[in-house]
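Peer 1:
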Amino acid sequence: MPNIFIVILTVIISVAIAFVFFFTGPKKIDPKPVSDTLGQTVSSLQNSVEDTKENLEQKSNDSVNNIKDTVYETAKNTLDTVFGKNETKKETVSINEVSTPLPDDKSSNVYSIDLSKETNLKITIAKNNKYYLKFANVPSDYCLYIKDQKIELVSGKIIELQFPSSGSFPIKTSICNFTERSIGEIIVE
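Position in the sequence shown (from 1) plus 3 gives the number in this note's numbering.
1) To the nearest angstrom, how far is it from the Cα of N123 to the Cα of S171?
2) Do you know whose CA, among A78, N68, I178 and S115, lies nearest D144's CA?
3) Apart from the five residues on each side of it in sequence, which residues of its chain come closer than 8 Å, Cβ to Cβ, to E60?
4) Determine whether the beta carbon atoms of I149 and I98 lie at a separation below 8 Å.
5) Could you give the DSSP three-state label for D144: helix, strand or coil?
6) Could you check how far apart the C-beta atoms of I186 and K125 are, in whole angstroms? I think they sit under 8 Å.
7) Put T91 into one of helix, strand or coil per three-state DSSP.
8) With distances taken from CA atoms, which of E53, A129, N58 and K175 is nearest D151?
9) Expressed to the nearest angstrom, what Euclidean distance is found between the alpha-carbon atoms of K231 and E192?
10) Can you tell me whether DSSP reads S119 as helix, strand or coil?
11) Would you list the one or two residues that DSSP bridges to Y134?
12) Within a Cβ cutoff of 8 Å, which residues of the same chain sit near V74, ignoring the five residues on either side of it in sequence?
13) What is the rounded straight-line gap between the Cα of E76 and the Cα of I154?
14) Please report the straight-line C-alpha distance between V67 and K79, rounded to a whole angstrom.
15) Less than 7 Å between C-beta atoms, sequence neighbours within five positions excluded: which residues of the same chain meet that for T127?
16) Which residue from F166, A139 and S51 puts its Cα closest to that of S115?
17) I'd like to know whether the C-beta atoms of K133 and N112 end up nearer to each other than 8 Å.
18) So, are the CB atoms of L147 and L156 less than 8 Å apart?
19) Less than 7 Å between C-beta atoms, sequence neighbours within five positions excluded: which residues of the same chain meet that for P173?
Here it is in C-alpha cells:
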C-alpha cells in the first residue's frame, strides 16, 4: 500500500504544481505586440537610415556647391584679372568741340577731312597729345563716331582729340540716328 499512497500523493502534488503553473505561472507572450514592437523598431531604423542618408546627401551637395562656387569665383577673378576686366576702365578717348580759328601753335596737329572724298583715312598719332580734326563738305544732320562717342558735325567744325592709351579706334560717320559708314581709323602709338 505504501506504493499506492506514494503514487496518489505524487499525482496530487503534480496536479497542484500544474494548477499553480497554469493559473499563476508565467504569462503567455502575445505574438502580435512583439511583431508591432519589432515593426516599430525596424521602421524607426529605416527612418533613421533615410534621415542619415538625406543628411549626408544634403551635406555632400552643399559641400560640392561650395567647392563649385569657390572654383567659379576664383577662375572668374583670375580670368578677369588676366584680361583686364577687374580694372576700372578709364575713358579711352577725349573728344571735345573747339572754337574756330585754332591757335597757331596747334596747326601742326590739325587734320582736315573732306567727307565727300574720304573712305580709307588712316591717321597715326601719339598718345596723350591733343590733335584736331577739321571737317569739310559735311552733309546736313551728320555725326562722327569714335569709340562709343558721338558728335554732330557741320562743315568747318573742329574736334579736339586726346587718347590716353594705345590702340586702334575706328572713325565712322553717318546720318545721326542712322547706320554708320566707316571712313577709316585712328592708330595711336
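For each residue, glycine too, the CB sits at the ideal point set by N, CA and C. Since the model is a prediction, treat every value here as computed from it, not as a measurement.
Peer 2: By the coordinates alone:
1) Within the sequence shown, the letter at position 120 stands for residue 123. Within the sequence shown, the letter at position 168 stands for residue 171. Cα to Cα, the separation comes out at about 14 Å.
2) Looking up residue 144 in the sequence shown gives position 141. Closest option to D144, Cα to Cα, is I178.
3) Counted from its first residue, the sequence shown places residue 60 at position 57. The answer is none, since no qualifying residue turns up.
4) Position 146 of the sequence shown, counted from the first residue, corresponds to residue 149. Position 95 of the sequence shown, counted from the first residue, corresponds to residue 98. Cβ distance < 8 Å, so I149 and I98 count as in contact.
5) The residue you call residue 144 lines up with position 141 of the sequence shown. D144 falls in the coil class under three-state DSSP.
6) Looking up residue 186 in the sequence shown gives position 183. Looking up residue 125 in the sequence shown gives position 122. About 10 Å; that fails the 8 Å criterion.
7) Taking the sequence shown and counting its residues from 1, the one referred to as residue 91 is at position 88. For T91, the predicted model reports a pLDDT of 47, less than 50, meaning its position is unreliable; a value from the coordinates is still stated below. Three-state DSSP puts T91 in coil, outside helix and strand.
8) Numbered from its first residue, the sequence shown carries residue 151 at position 148. It is K175 whose Cα lies nearest to the Cα of D151.
9) As shown, the chain starts at 4 and ends at 192. That puts residue 231 outside it, with no answer to give.
10) The count along the sequence shown starts at 1 and reaches residue 119 at position 116. In the structure shown, S119 sits in coil (DSSP, three-state: anything other than H, G, I, E or B).
11) The residue labelled residue 134 in the question sits at position 131 within the sequence shown. Per DSSP, the beta-bridge partners of Y134 are L164.
12) Here the question's residue 74 lines up with position 71 in the sequence shown. There are no such residues.
13) Taking the first residue of the sequence shown as 1, we reach residue 76 at position 73. Taking the first residue of the sequence shown as 1, we reach residue 154 at position 151. E76 and I154: Cα-Cα distance of roughly 40 Å.
14) For this step, residue 67 is matched to residue 64 along the sequence shown. For this step, residue 79 is matched to residue 76 along the sequence shown. Whole-angstrom Cα-Cα distance: 18 Å.
15) Indexing the sequence shown from 1 puts residue 127 at position 124. For T127, where only same-chain residues beyond five positions count, the Cβ hits under 7 Å are I190 and E192.
16) By 1-based counting over the sequence shown, the position of residue 115 is 112. Comparing Cα positions, the closest option is A139.
17) For the purposes of this step, residue 133 is identified with residue 130 of the sequence shown, where counting begins at 1. For the purposes of this step, residue 112 is identified with residue 109 of the sequence shown, where counting begins at 1. Cβ atoms of K133 and N112: closer than 8 Å.
18) Position 144 of the sequence shown, counted from the first residue, corresponds to residue 147. Position 153 of the sequence shown, counted from the first residue, corresponds to residue 156. In contact: L147 and L156 (Cβ atoms closer than 8 Å).
19) In the sequence shown, counting from the first residue as 1, residue 173 sits at position 170. Excluding positions up to five away in sequence, the list reads S185 and E188.
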